[in-house]
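By full-length UniProt numbering, the letter at position 224 of the sequence shown is numbered 224, and the numbering carries on one by one without gaps.
Ideal placement from N, C-alpha and C gives every residue a C-beta, glycine not left out.
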Amino acid sequence: GPPRYSPHNFDGRNQNLQIPPTVIEDSSGIPERRGSRAELRRSSLYSTIDLVPQLEHYASSIPRQQSRSRPSLEVLRKSFEEVEVGADGEITLDLSVPQIEGEEPPNPKEKAPIRFGWIVGVMVRCMLNIWGVILFLRLSWITSQAGVVLTCVIILMSVVVTSVTALSISAIATNGRVVSGGTYFMISRTLGPEIGGPIGMVFSFANALACALNTVGFAEVVRDLMQDLGVVIVDSINDVRIVGVVTVTLLMFITVAGMEWESKTQILFFIVLLVSFANYLVGTIIPQSVEKQAVGIFGYRGDIFVENLTPNWRGSEGSFFQMFAIFFPAATGILSGANISGDLKDPATAIPKGTLMAIFWTTLSYLGIAVTVGACVVRDASGNMSDIITANGSEVCLGLACNLGWNFTDCIQSQSCEFGLANSVKVLGQISGFYYLITAGVFAASLSSALGFLVSAPKVFQCLCKDQIYPYIIFFAKGYGKNNEPLRAYVLCYLISVAFILIAELNTIAALISNFFLAPTL
Numbered sequence: 001g002p003p004r005y006s007p008h009n010f011d012g013r014n015q016n017l018q019i020p021p022t023v024i025e026d027s028s029g030i031p032e033r034r035g036s037r038a039e040l041r042r043s044s045l046y047s048t049i050d051l052v053p054q055l056e057h058y059a060s061s062i063p064r065q066q067s068r069s070r071p072s073l074e075v076l077r078k079s080f081e082e083v084e085v086g087a088d089g090e091i092t093l094d095l096s097v098p099q100i101e102g103e104e105p106p107n108p109k110e111k112a113p114i115r116f117g118w119i120v121g122v123m124v125r126c127m128l129n130i131w132g133v134i135l136f137l138r139l140s141w142i143t144s145q146a147g148v149v150l151t152c153v154i155i156l157m158s159v160v161v162t163s164v165t166a167l168s169i170s171a172i173a174t175n176g177r178v179v180s181g182g183t184y185f186m187i188s189r190t191l192g193p194e195i196g197g198p199i200g201m202v203f204s205f206a207n208a209l210a211c212a213l214n215t216v217g218f219a220e221v222v223r224d225l226m227q228d229l230g231v232v233i234v235d236s237i238n239d240v241r242i243v244g245v246v247t248v249t250l251l252m253f254i255t256v257a258g259m260e261w262e263s264k265t266q267i268l269f270f271i272v273l274l275v276s277f278a279n280y281l282v283g284t285i286i287p288q289s290v291e292k293q294a295v296g297i298f299g300y301r302g303d304i305f306v307e308n309l310t311p312n313w314r315g316s317e318g319s320f321f322q323m324f325a326i327f328f329p330a331a332t333g334i335l336s337g338a339n340i341s342g343d344l345k346d347p348a349t350a351i352p353k354g355t356l357m358a359i360f361w362t363t364l365s366y367l368g369i370a371v372t373v374g375a376c377v378v379r380d381a382s383g384n385m386s387d388i389i390t391a392n393g394s395e396v397c398l399g400l401a402c403n404l405g406w407n408f409t410d411c412i413q414s415q416s417c418e419f420g421l422a423n424s425v426k427v428l429g430q431i432s433g434f435y436y437l438i439t440a441g442v443f444a445a446s447l448s449s450a451l452g453f454l455v456s457a458p459k460v461f462q463c464l465c466k467d468q469i470y471p472y473i474i475f476f477a478k479g480y481g482k483n484n485e486p487l488r489a490y491v492l493c494y495l496i497s498v499a500f501i502l503i504a505e506l507n508t509i510a511a512l513i514s515n516f517f518l519a520p521t522l
């Protein structure tokens, strides 16, 4: 009878691998077999119009001893699809996922797994991961360094990189069958395991670092609030480490509780973020009090906007590419929806629609905040109420604030100003209608991004481990529960995040993480 094609028949030493022949049913309903080149364009659940990459295309690029154990694209695909043709011509598709050794088989009596649509599953999740700690704590400072024009250039450069990636992933998602594993699954089934494997490994590690980045941002805000209240645990650096480790541990518990709880938490964060954005916009419109003017906030003014258009580099980090490296992590997170493809109702529709909409709305928000904050706040301010210019004042006055009734000359000359775009990371909170709503927004942005990355990294890594491309990592492939949760990979991601949280320096982690995200993207 006709042969049964199975991944267990693969032998890397066989250089004459046979592709299963196409089975085509004509108008009479009788299946026929073809042995021509058209068999490469075989009927499959992947339904791609492209030629299937062959193992021999890659065999010359790897050592001979490794080629015997590395699976090909066909083997990886066949692990999700087995075709069997019976003696009577009947075609049977076995779509069962191969069981990992020691993994419990699914119980048919269990409650159906949670599945999400394109709005909650992709768009909201991607927007939350893109709106991270950089938005609230570094975007105003970047605007003061690079100026409004170059800040917009930095934003658009980052968006171009992420948009190309999103379009590529969307093309793959709509041209084949997508199951769990997200980005790694789509790349490895399209370009082959030789390319997909390294990208999956680097991307998993980058997501774990992104979790640490956003957790450190949250910890910095908590530390500042504690210092305002006169509370110090150890010192400024160790307080960030302590708060960060405790925070990522709590997020770990939410993640282990399951996707249903994680999704409800993300929706709550999304609502808080929308309220904080509205609060910021209201603060830019209302008349500014004397207290706000003392910290450099004067509302929309053309002369302030023109002054802030051009760059004013300061300090050792004052350069265009350093600002780009610090900002770029704020544009990542676009693959958060694709990374949970196994939990989506219709990945082929949800991934492109949700990802591109998330990029569009978050780009508008970044550009809007950069322009509005650059039109309302001067670069240097003392925060001292006595620096207001009186009618009889005859002191020498430097800076744009002189035209607005304030003399910040002393702090400008001594470089001791503590407020303004160039000196304070709390500008968005100070300019808003109600300060603590922005603080809540910082909490929501940082925690939602950290939670999203803490979910994404293990799911991608679990799929990579299941394919057994790299030795010694199959241990992390085991899943638990109705959603096949990668609990072991969760623990690994948690440990990596804790290790980088101990750095306790946001700018250092941001510059480091940009390399890991740009490497698989480029």
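Reducing DSSP to helix, strand and coil, say where residue i ends up.
{"i": "residue 453", "result": "helix"}
{"i": "residue 470", "result": "coil"}
{"i": "residue 388", "result": "strand"}
{"i": "residue 280", "result": "helix"}
{"i": "residue 398", "result": "coil"}
{"i": "residue 149", "result": "helix"}
{"i": "residue 313", "result": "coil"}
{"i": "residue 485", "result": "strand"}
{"i": "residue 406", "result": "strand"}
{"i": "residue 475", "result": "helix"}
{"i": "residue 381", "result": "strand"}
{"i": "residue 516", "result": "helix"}
{"i": "residue 461", "result": "helix"}
{"i": "residue 305", "result": "helix"}
Taking the alpha carbon of residue i as the reference point, which residue from the options has its own alpha carbon closest?
{"i": "residue 374", "options": "241, 427, 410 and 412", "result": "427"}
{"i": "residue 163", "options": "429, 482, 255 and 360", "result": "360"}
{"i": "residue 433", "options": "297, 455 and 214", "result": "297"}
{"i": "residue 462", "options": "449, 484 and 345", "result": "484"}
{"i": "residue 510", "options": "424, 402, 337 and 328", "result": "328"}
{"i": "residue 431", "options": "144, 231, 292 and 134", "result": "292"}
{"i": "residue 456", "options": "319, 330, 268 and 339", "result": "339"}
{"i": "residue 157", "options": "489, 325 and 356", "result": "325"}
{"i": "residue 435", "options": "283, 378, 469 and 508", "result": "283"}
{"i": "residue 241", "options": "264, 249, 260 and 216", "result": "216"}
{"i": "residue 187", "options": "335, 322 and 214", "result": "335"}
{"i": "residue 136", "options": "446, 495, 505 and 493", "result": "446"}
Is residue i near the ligand MG, with its Cβ less than 7 Å from a heavy atom?
{"i": "residue 298", "result": "Looking at this structure, you won't find the ligand MG or any other ligand, since it has none at all."}
CB-CB under 6 Å to residue i, same chain, minus the five flanking residues each way: which ones, in chain order?
{"i": "residue 466", "result": "477"}
{"i": "residue 363", "result": "159"}
{"i": "residue 214", "result": "132, 133, 446, 449 and 450"}
Using the Cβ count rule (16 or more neighbours within 10 Å means buried), how would you classify residue i?
{"i": "residue 209", "result": "buried"}
{"i": "residue 400", "result": "buried"}
{"i": "residue 501", "result": "buried"}
{"i": "residue 547", "result": "An answer regarding residue 547 cannot be provided, because it is not within the stretch 1 to 522 covered by the chain."}
{"i": "residue 343", "result": "buried"}
{"i": "residue 385", "result": "exposed"}
{"i": "residue 413", "result": "exposed"}
{"i": "residue 368", "result": "exposed"}
{"i": "residue 396", "result": "exposed"}
{"i": "residue 257", "result": "exposed"}
{"i": "residue 315", "result": "exposed"}
{"i": "residue 516", "result": "buried"}
{"i": "residue 235", "result": "exposed"}
{"i": "residue 124", "result": "buried"}
{"i": "residue 36", "result": "Unreliable placement is indicated for residue 36, whose pLDDT of 45 sits below 50; the coordinate value is still reported in the next sentence. Residue 36 comes out exposed."}
{"i": "residue 302", "result": "exposed"}
{"i": "residue 295", "result": "buried"}
{"i": "residue 230", "result": "exposed"}
{"i": "residue 289", "result": "exposed"}
{"i": "residue 505", "result": "exposed"}
Return the chain-ordered list of same chain residues with a C-beta closer than 8 Å to the C-beta of residue i, the five sequence neighbours on each side being excluded.
{"i": "residue 443", "result": "218, 221 and 272"}
Less than 8 Å separating the beta-carbons of residue i and residue j?
{"i": "residue 152", "j": "residue 497", "result": "no"}
{"i": "residue 451", "j": "residue 254", "result": "yes"}
{"i": "residue 387", "j": "residue 406", "result": "yes"}
{"i": "residue 204", "j": "residue 460", "result": "yes"}
{"i": "residue 239", "j": "residue 246", "result": "no"}
{"i": "residue 350", "j": "residue 155", "result": "no"}
{"i": "residue 448", "j": "residue 419", "result": "no"}
{"i": "residue 429", "j": "residue 308", "result": "no"}
{"i": "residue 491", "j": "residue 141", "result": "no"}
{"i": "residue 304", "j": "residue 376", "result": "yes"}
In its own chain, which residues sit with a C-beta less than 7 Å from the C-beta of residue i, not counting the 5 before and 5 after it?
{"i": "residue 440", "result": "272 and 276"}
{"i": "residue 480", "result": "487"}
{"i": "residue 313", "result": "145 and 319"}
{"i": "residue 116", "result": "263, 343, 344 and 345"}
{"i": "residue 269", "result": "128, 444, 447 and 448"}
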